[in-house]
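Residue numbers (this note's numbering): 88 to 562. Here a beta-carbon is modelled for each residue, glycine too, at the ideal position from N, C-alpha and C. Given the structure is predicted, the values throughout are model-derived calculations rather than measurements. Working notes, structure below.
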Ligand SMILES: [Zn+2]
């Protein structure tokens, strides 16, 4: 039997407002435990929360960027559950009237554009963090994070493969970074993701039994856990077994999911409207103003790169996948206007080194002007393309200007005819067989001699001149 996979994602994103969503405490990541707290976010009796307007604005901004309808009337509800990281024993969230709903984002999967629906975007407060120290019987609690504004973005069950889930997450992250509402750093917990997955016979329109997966620390973990779970569910059905609705935990080291709790143990949150907070009437003029001020989003930017710079869609997609990368690229071409040449250097050399060193664009020492300057030096013939790669690596590692590197390392291209002729003579004398081969009509032999000259000059000889000089001298 052929199966179809059905996946839905719930993503929590911390908004980077300066203060928390219902009090004035700092939202800054880290800090001594329990130093960014006050009676409100500690959930003391008798305190009153006040909604942070910026957090509402960011939630609207996210809703608009995700093509959602923005509610004109919205409210906060209490979601009741007891866990030591939540001092109030309820979380202020949104139940039936979220700020935004019915949106979508588009992903490119297998050469096709796929639209993934967004069910809703709602605003809520984050909980604190429990610290379980190894070998100790007690746990510690840090409440710096309680009350940091979160948006929860719930997708429709439109995702059909682990690969699509991965593409969706990347696109979502990219959009949220473009509109500057969150840094989306999964390693700092500012983006978290829960997934649900089921399978059903191909062609069926009834959903199969859904399994939720938690404890996903990276986009890679999301993809791997879904691949595992897809396989596991198929095997259960093929063996004549039955799937149970449950929550499973991803074990990164073992690469498997483990059952945590079944449906019977699911929470009953007993939602009810928070009586301490006024409902929100979201003024249409305000929403329009936020919409009008949305920056260019990744899809629009990609399209512009194709039209304006004549880049292949692939290049445009890679370069616009992150705002920081795309800003780096644009600044570089503002100094050196050859979009394709710059694209090649950024995509191959720069991204290669970033990958190798595990760095993000924001962390690298290399400046866009330096890449532009290096390309100009190359055009002038001061350095060869081969040497440029060496200069580039050095710039990337040290952040030094290309001229400085070229001077320090003596990398200036040798374009002096006399000097090159001397070296050519030496190479000719040392390789009589290749010379003979070339004279007998073996074109390949010339390539070998060119190579020898490059070796002799440690790559500094002007390759074009080397070719001409050798041909001339060999008659
Ligand atoms: Zn507080």
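Would the beta-carbon of residue i be found less than 8 Å away from any heavy atom of ligand 1?
{"i": "residue 129", "result": "yes"}
{"i": "residue 234", "result": "yes"}
{"i": "residue 216", "result": "no"}
{"i": "residue 354", "result": "no"}
{"i": "residue 107", "result": "yes"}
{"i": "residue 422", "result": "no"}
{"i": "residue 118", "result": "no"}
{"i": "residue 123", "result": "yes"}
{"i": "residue 111", "result": "yes"}
Would you tell me roughly how many angstroms separate the C-alpha atoms of residue i and residue j, rounded to the nearest one?
{"i": "residue 185", "j": "residue 493", "result": "58 Å"}
{"i": "residue 323", "j": "residue 160", "result": "46 Å"}
{"i": "residue 384", "j": "residue 266", "result": "8 Å"}
{"i": "residue 182", "j": "residue 170", "result": "20 Å"}
{"i": "residue 206", "j": "residue 165", "result": "20 Å"}
{"i": "residue 178", "j": "residue 336", "result": "23 Å"}
{"i": "residue 477", "j": "residue 436", "result": "10 Å"}
{"i": "residue 121", "j": "residue 234", "result": "12 Å"}
{"i": "residue 189", "j": "residue 287", "result": "25 Å"}
{"i": "residue 517", "j": "residue 536", "result": "10 Å"}
{"i": "residue 270", "j": "residue 230", "result": "21 Å"}
{"i": "residue 232", "j": "residue 112", "result": "10 Å"}
{"i": "residue 213", "j": "residue 99", "result": "9 Å"}
{"i": "residue 254", "j": "residue 192", "result": "11 Å"}
{"i": "residue 542", "j": "residue 553", "result": "12 Å"}
{"i": "residue 116", "j": "residue 134", "result": "24 Å"}
{"i": "residue 172", "j": "residue 221", "result": "18 Å"}
{"i": "residue 138", "j": "residue 157", "result": "18 Å"}
{"i": "residue 150", "j": "residue 307", "result": "26 Å"}
{"i": "residue 619", "j": "residue 408", "result": "Nothing about residue 619 can be reported from this structure: the residues present for the chain run from 88 to 562 only."}
{"i": "residue 363", "j": "residue 303", "result": "34 Å"}
Which residue marks the beginning of the alpha helix (DSSP H) containing residue i, and which one marks its end?
{"i": "residue 517", "result": "504-517"}
{"i": "residue 355", "result": "Careful: residue 355 lies outside any alpha helix (DSSP H) and carries neither H nor E."}
{"i": "residue 246", "result": "From DSSP, residue 246 is part of no alpha helix (DSSP H); its letter is neither H nor E."}
{"i": "residue 460", "result": "455-466"}
{"i": "residue 270", "result": "Segment: none, residue 270 is in no alpha helix (DSSP H) and carries neither H nor E."}
{"i": "residue 548", "result": "Residue 548 -> no alpha helix (DSSP H), and no H or E assigned at all."}
{"i": "residue 441", "result": "438-444"}
Tell me, please, which residues DSSP counts as bridged to residue i.
{"i": "residue 340", "result": "The partner list for residue 340 (beta bridge, DSSP) is empty, contrary to what the question assumes."}
{"i": "residue 167", "result": "177"}
{"i": "residue 360", "result": "164"}
{"i": "residue 113", "result": "106"}
{"i": "residue 130", "result": "Answer is none; residue 130 lacks a bridge partner."}
{"i": "residue 487", "result": "Answer is none; residue 487 lacks a bridge partner."}
{"i": "residue 334", "result": "299, 348"}
{"i": "residue 229", "result": "216"}
{"i": "residue 208", "result": "187, 240"}
{"i": "residue 90", "result": "288"}
Specify, as a first and last residue, the run of the beta strand (DSSP E) that residue i falls within.
{"i": "residue 286", "result": "278-288"}
{"i": "residue 242", "result": "236-242"}
{"i": "residue 191", "result": "187-196"}
{"i": "residue 102", "result": "Premise fails: residue 102 is in no beta strand (DSSP E) and is neither H nor E."}
Does any C-beta atom of chain D lie closer than 9 Å to the C-beta of residue i?
{"i": "residue 207", "result": "Structure shown: chain D not included; a single protein chain is present."}
request  = Give, in chain order, every unbroken run of the alpha helix (DSSP H) that is at least 4 residues long and sits entirely within the region 397-432.
outcome  = 400-406, 410-422, 426-431, all fully within the region 397-432.
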